[in-house]
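Heads up: the sequence shown begins at 1 in the UniProt record's numbering, then just goes up one per residue. Note that the Cβ used here is the ideal one computed from N, Cα and C, for glycine as well. Everything numeric in this text was worked out from a predicted model, so none of it was measured.
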Amino acid sequence: MITPRFSCSQSEKSVTVSVYCPSVRASDVEINVDDTLFTLHINPYYLRLNFPHALQEDDEASAQYDPASGFLTVTLTKAVPGQDFEDLDLLAKLLAPRPTEQPSQGPLIEVLDSQSAEVSPEDDLVARAEGLSLEQQEILEAAANDWQLPQEVPEPLDKLKTTPQERYGFLDMYSGFFQHIQHQPNEINEIGEDVETCPPAERRKRRLQREEEKWDEDHYMADFVDDEYIQELLHWTHPHTQPVTEFQYTEAENMKMLRLPRKEYLATPYQTHQLYLTLLTLLFAYAYESRTTQQDPTPESGWTISSLVPAFTALDPPPYSPTPKAAPETFDPSELAATFTTSYRRSLAFPLFRSWALAERCRADVAAFLRGGKRMVVRCLLEMKDVLDHHEVYYVYSKIWVDDFCVWVQSASDEALLQLADAVASLKMEKSAVGWGLEELEKIAREDLDRSSDSDDESEDEVERMLPAPL
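Structure representation (structure tokens):
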């Protein structure tokens, strides 16, 4: 079945679904409404939408088909007039499966009646004595004599593994995507040919080793001294950081959302926390690429984005520091600093322009994207996805990471994203955290620049002394 193009709008009393299904017979259309679930079938098209609130079919509901334009317009009545149906423009969220109902946690067996058998006092005493183990007797004696027994917390059991393969990607849902890595020219792969079996700890070790190998202090000092073009990049205003009065996705963006996977993500609070941190690394990579190309992607854009995301190059997502036990939307400055330190290191070691000031500007862009809410974040991810999807190798990272993020973010809370934006904007990054002595290198570069300037002045003075006196 084909999922048709569609759009949704609402009025005070109804919700309108406009579906593009050309060259069909209107008499064959089947429409069903079950509380919040709307389904439409007209061969070869099938559409199933999950709305946030209940709808109903009554006398005011209608469906009209225009053969000239190919659009079927379905008007459904709101069960509660005046109720606001939020996020009707987030198509992937409407297409997602209906949330799974939580099973009851009540008792599975209910005792209706019970009758104890007649037991003699002697038999009961014998049974109780036999039932007491040595350990139980020890506990009873300790309680009677107020002994202090040692108490130890058992170690958690290791995860049971039945295969050497490791999982990776969004919520560790994927495996097998790199089975033939040795036959593919994947330049950003930092794990090697054993990518499918490499454990997470080893992935991080190899990533850090690769960053150390790629670090070039001469390149950094050259960009620090000759920063004319970098200054131009710093002063460029990213369009997605500007306030939007009325947000609306383009037709191309709606088509991309229709092709996204339709999944329900049952993430734990800890996993949700990790996803927010990983989202920061994706947005930082997008901010760097779009700023350095001024939103005009080049053939190198796929490589640039992929090189800056540790979850791509080494399948090593955050957290990069111990995560405090807090709510999923609450972030400690130390873990945010650790997350951005990793992105900063990669921006200073891999791409063409290596500047601390540029990294700081990209972090400010990330805060602005988040402040724009989930719709703006989805727009950034869709542009990132478009770049990766057009690359013959790096498209795989769109499949195991970006596609799922595009769907998951649509269900995120704008309030949570706003809190994260404020935390990112107020973050104080230290150059010493990178570990490459940036402050010392900048000091040396300034001293060399001052000496060169003094030498030029002395040379000019010497030339003036050698010139003949004016008549």
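task: Please work out which residues of its chain come closer than 7 Å, Cβ to Cβ, to Ala-61, disregarding the five sequence neighbours upstream and downstream, and give them in chain order.
output: Working through the sequence shown from its first residue, we reach residue 61 at position 61. Excluding sequence neighbours, Ala-61 sits near Thr-75, Leu-76 and Thr-77.
C-beta atoms of Pro-297 and Val-387 nearer than 8 Å: As a position in the sequence shown, residue 297 is number 297, starting the count at 1. As a position in the sequence shown, residue 387 is number 387, starting the count at 1. In this structure, Val-387 lies closer than 8 Å to Pro-297 by Cβ.
Report task. Please determine if the region 331-344 and the region 194-202 are in contact, where contact requires at least 3 C-beta pairs separated by less than 8 Å. Result -> no
Could you have a look at Cys-380 and say whether DSSP puts it in helix, strand or coil?
If you number the sequence shown from 1, residue 380 lands on position 380. DSSP, reduced to helix, strand and coil, places Cys-380 within a helical segment of the structure shown.
Can you tell me whether Asp-223 is buried or exposed, with buried defined as 16 or more other CB within 10 angstroms of its CB?
Counted from its first residue, the sequence shown places residue 223 at position 223. Looking at its Cβ environment, which holds 16 or more other Cβ atoms inside 10 Å, Asp-223 is buried.
Whose C-alpha, out of Leu-441, Leu-308, Phe-71 and Gly-169, is nearest the C-alpha of Glu-187?
Residue mapping note: residue 187 aligns to position 187 of the sequence shown, counting from 1. It is Leu-308.
Item to check | Test item: CB-CB of Lys-431 and Ala-349 under 8 Å | outcome: Here residue 431 refers to the residue found at position 431 when the sequence shown is read from its first residue. Here residue 349 refers to the residue found at position 349 when the sequence shown is read from its first residue. No, the Cβ-Cβ distance between Lys-431 and Ala-349 is not below 8 Å.
In the structure shown, what three-state DSSP assignment does Leu-49 receive? Along the sequence shown, read from residue 1 onward, the residue named residue 49 stands at position 49. Three-state result, Leu-49: strand.
Three CB pairs or more closer than 8 Å across the region 396-405 and the region 245-254:
Taking 8 Å as the limit for Cβ pairs, the verdict is that the region 245-254 does not touch the region 396-405.
- prompt: On the three-state DSSP scale, how would you describe Ser-343?
  reply: Counted from its first residue, the sequence shown places residue 343 at position 343. Helix.
- Is Thr-298 helix, strand or coil when you go by DSSP? On the sequence shown, position 298 is the one that residue 298 refers to. Three-state result, Thr-298: coil.
Exercise for review: Determine the extent of the beta strand (DSSP E) in which Thr-3 is found, giving its start and end residues.
Suggested key: Residue mapping note: residue 3 aligns to position 3 of the sequence shown, counting from 1. Element bounds for Thr-3: n/a, residue is neither H nor E.
Same chain only: Cβ atoms within 8 Å of Asn-189, ignoring 5 sequence neighbours per side = Reading the sequence shown from its first residue, position 189 is the one you call residue 189. Around Asn-189: Phe-178, Ile-181, Val-195 and Thr-313.
- Query: Taking Phe-6 as the reference, which of Pro-52, Thr-268, Tyr-229 and Pro-22 has the closest Cα?
  - Reply: Taking the sequence shown and counting its residues from 1, the one referred to as residue 6 is at position 6. Closest option to Phe-6, Cα to Cα, is Pro-22.
Just verifying my parser: in three-state terms, what is the DSSP assignment at Ala-63? Counted from its first residue, the sequence shown places residue 63 at position 63. Reduced to three states, the DSSP call for Ala-63 is strand.
Pick from Arg-451, Trp-356 and Glu-232 that is closest to Ala-433, judged by C-alpha positions: As a first step, residue 433 must be located in the sequence shown, where it is residue number 433. Distance from the Cα of Ala-433 is smallest, within the candidate group Arg-451, Trp-356 and Glu-232, for Trp-356.
Exposure label - Ser-104; buried when at least 16 CB within 10 Å: In the sequence shown, counting from the first residue as 1, residue 104 sits at position 104. Interpretation of Ser-104 is limited by its pLDDT of 45, a score under 50 that renders its predicted location unreliable; no figure is taken from the coordinates.
Q. Using DSSP with H/G/I as helix, E/B as strand and the rest coil, what is His-180?
A. As a working note, residue 180 is residue 180 in the sequence shown. Correct three-state label for His-180: coil.
| Do the region 406-424 and the region 275-288 make contact, defined as three or more Cβ pairs closer than 8 Å? | Pairwise C-beta distances place the region 406-424 in contact with the region 275-288, as three or more of them are shorter than 8 Å.
* Hey, could you find the ends of the alpha helix (DSSP H) Asn-32 is sitting in? => By 1-based counting over the sequence shown, the position of residue 32 is 32. Counting along the chain, Asn-32 falls outside any alpha helix (DSSP H), though it belongs to the beta strand (DSSP E) covering 30-34.
Can you tell me the Cα-Cα spacing of Thr-3 and Leu-72, whole angstroms? Locating residue 3 in the sequence shown gives position 3, where the first residue counts as 1. Locating residue 72 in the sequence shown gives position 72, where the first residue counts as 1. Each residue's alpha carbon lies about 14 Å from the other.
| query | Between the C-alpha atoms of Val-153 and Pro-317, what's the straight-line distance to the nearest angstrom? | reply | Here residue 153 refers to the residue found at position 153 when the sequence shown is read from its first residue. Here residue 317 refers to the residue found at position 317 when the sequence shown is read from its first residue. Here the model assigns Val-153 a pLDDT of 43, short of 50, so the residue's position is not dependable and the matter cannot be decided.
task = Please name the residue, chosen from Ala-26, Ala-364, Trp-436 and Leu-358, that lies closest to Leu-234 on a Cα-to-Cα basis.
result = For the purposes of this step, residue 234 is identified with residue 234 of the sequence shown, where counting begins at 1. With distances taken between Cα atoms, Leu-234 lies closest to Leu-358.
Note to self: Measuring alpha carbon to alpha carbon, tell me which residue in His-41, Asp-226 and Met-173 is nearest Val-19.
What the structure shows: On the sequence shown, position 19 is the one that residue 19 refers to. Looking at the Cα atoms, His-41 is the closest of the given residues.
Given this structure, state the Cα-to-Cα distance separating Ile-31 from Gly-82, to the nearest angstrom. Within the sequence shown, numbered from 1, the residue matching residue 31 stands at position 31. Within the sequence shown, numbered from 1, the residue matching residue 82 stands at position 82. Each residue's Cα considered, the two are about 23 Å apart.
Range covered by the beta strand (DSSP E) that runs through His-41: In the sequence shown, counting from the first residue as 1, residue 41 sits at position 41. Taken as a continuous stretch (DSSP letters only), the beta strand (DSSP E) holding His-41 covers 37-42.
- Alpha carbon to alpha carbon, how far is Glu-212 from Arg-446? Give it in angstroms, no decimals. As a working note, residue 446 is residue 446 in the sequence shown. As a working note, residue 212 is residue 212 in the sequence shown. For Arg-446 and Glu-212, the distance between alpha carbons rounds to 24 Å.
_Quick check: Arg-346 and Pro-310, are their CB atoms within less than 8 Å of each other?_
If you number the sequence shown from 1, residue 346 lands on position 346. If you number the sequence shown from 1, residue 310 lands on position 310. In this structure, Pro-310 lies closer than 8 Å to Arg-346 by Cβ.
Q.
Here's the rule I'm using: 16 or more other beta-carbon atoms within 10 Å means buried, otherwise exposed. How should Asp-404 be labelled?
A. In the sequence shown, the residue the question calls residue 404 occupies position 404. With 16 or more Cβ atoms within 10 Å of its Cβ, Asp-404 is classed as buried.
For the candidate residues Pro-261, Glu-329 and His-240, whose alpha-carbon lies nearest to that of Leu-283? Within the sequence shown, the letter at position 283 stands for residue 283. For the residues Pro-261, Glu-329 and His-240, the minimum Cα distance to Leu-283 belongs to His-240.
- Query: Between Ile-400 and Glu-166, what straight-line distance do the alpha-carbon atoms span, to the nearest angstrom?
  - Reply: In the sequence shown, the residue the question calls residue 400 occupies position 400. In the sequence shown, the residue the question calls residue 166 occupies position 166. So the two alpha carbons sit approximately 14 Å from each other.
- Cross-strand partners of Ser-14 (DSSP beta bridge): Sequence index remark: in the sequence shown, residue 14 carries index 14 (1-based). According to DSSP, which records beta bridges pairwise, Ser-14 is partnered with Thr-77.
| message | Classify Glu-289: buried if its beta carbon has 16 or more other beta carbons within 10 angstroms, exposed otherwise. | response | The sequence position of residue 289 within the sequence shown is 289, counting from 1. Its Cβ being crowded by 16 or more others within 10 Å, Glu-289 is buried.
Can the beta-carbon of Glu-360 be found less than 8 Å from the beta-carbon of Tyr-286? Along the sequence shown, one-based indexing puts residue 360 at 360. Along the sequence shown, one-based indexing puts residue 286 at 286. Not in contact: Glu-360 and Tyr-286 (Cβ atoms no closer than 8 Å).
Residues bridged to residue 472 [DSSP beta-bridge criterion]: The structure shown does not extend to residue 472, since the chain is modelled only from 1 through 471, so no value can be given for it.
Using a threshold of 8 Å, state whether the C-beta atoms of Leu-55 and Val-33 are closer than that. Counted from its first residue, the sequence shown places residue 55 at position 55. Counted from its first residue, the sequence shown places residue 33 at position 33. Yes. Within cutoff.
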